[in-house]
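Notes to accompany the following structure.
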Amino acid sequence: YGVIRISPMLSPISMKLYYPFILLAMWGIIMTSSICLRQTDLKSLIAYSSVSHMGLVIAAALIQTPWSLAGSMTLMIAHGLTSSVLFCLANTNYERTHSRTMLLARGLQLILPLMTTWWLLANLMNMALPPTINLAGELLIIMSMFNWSATTIIMTGAGTLLTALYSLHVFLTTQRNKLPTNTSNIFPSQTREHLLMMLHLLPMLLLLMKPGLIMGPFT
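Numbering (the working numbering), first residue to last: 69 to 287.
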């Protein structure tokens, strides 16, 4: 948000100075997404996922076109809610298994089927599947990056593919497979936990109905 506010004040003197930072942000998307694929710690994986998405936001904010600014603002708000719900879900796992290692918290679909639904929705939003507001933000950014330079589609495409891979990896590792032996005394999910997840995802659905609330100033 600070970059979006300050960048117009520095133009046009600093436009060429932005190029290294845009390339660094694009390269950072691929690097942090690759790190996510080899993480065993669930909370670290979610944190690196946020860094990867912020690479898109920084690159879009530095280009300073109406589409890129609208996309970066949309993705900031959408991913803020998405990463928050993922951290909440990771904490519900930690409260029951007392471990952040994904392999020690597998097969939870058998014990906590409703939590599996929240995990699926959160991961689909992290992947920016339609009709989520995340998709609108990422599409605006990817299109504005492509208009700026056609070669960026390689990096943004690779980043999107890696995001889908590690999101599915998180879901399948934590919810599928056989139950480990240390999960015999897990307590069931509570109403307050479901309410917390719903209050994260409900604003995203409302924003989907009226995206102009966050895109309006830039479009």
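Virtual Cβ for every residue (Gly too), placed ideally from N, Cα, C.
In chain order, what are the residue ranges of uninterrupted alpha helix (DSSP H) at least 4 long that sit wholly in the segment 136 to 164?
none
Kindly indicate which residue of R260, L157 and Y234 has the alpha-carbon position closest to the one of T108.
Translated into the one-based positions of the sequence shown, residue 108 becomes position 40. Closest by alpha carbon: Y234.
Same chain, Cβ closer than 8 Å to T228, five either side skipped, listed in chain order
Against the sequence shown, residue 228 aligns to sequence position 160. Answer for T228: A196, E206 and I210, listed in chain order.
So what does DSSP say about T220, is it helix, strand or coil?
One-based indexing of the sequence shown puts residue 220 at position 152. T220: helix per DSSP, three-state reduction.
Within 10 angstroms of the Cβ of S79, are there 16 or more other Cβ atoms? Answer buried if so, exposed if not.
Taking the first residue of the sequence shown as 1, we reach residue 79 at position 11. Result: exposed.
According to DSSP, is T169 part of a helix, a strand, or is it coil?
In the sequence shown, residue 169 corresponds to position 101, counting from 1. Of the three classes helix, strand and coil, the one that applies to T169 here is strand, per DSSP.
Between which two residues does the alpha helix (DSSP H) harbouring N253 extend?
Here the question's residue 253 lines up with position 185 in the sequence shown. Segment: none, N253 is in no alpha helix (DSSP H) and carries neither H nor E.
Take W186 and list the residues in its own chain whose beta-carbon comes closer than 7 Å to its own, dropping the five residues that flank it on each side.
The residue labelled residue 186 in the question sits at position 118 within the sequence shown. L157 and M265.
Nearest-angstrom Cα separation, counted from M144 out to M122:
By one-based count along the sequence shown, residue 122 stands at place 54. By one-based count along the sequence shown, residue 144 stands at place 76. So the two alpha carbons sit approximately 8 Å from each other.
Among the residues of its own chain, which have a CB less than 6 Å from the CB of C104, if the five just before and after it don't count?
Here residue 104 refers to the residue found at position 36 when the sequence shown is read from its first residue. For C104, where only same-chain residues beyond five positions count, the Cβ hits under 6 Å are L113, Y116, S117 and Y234.
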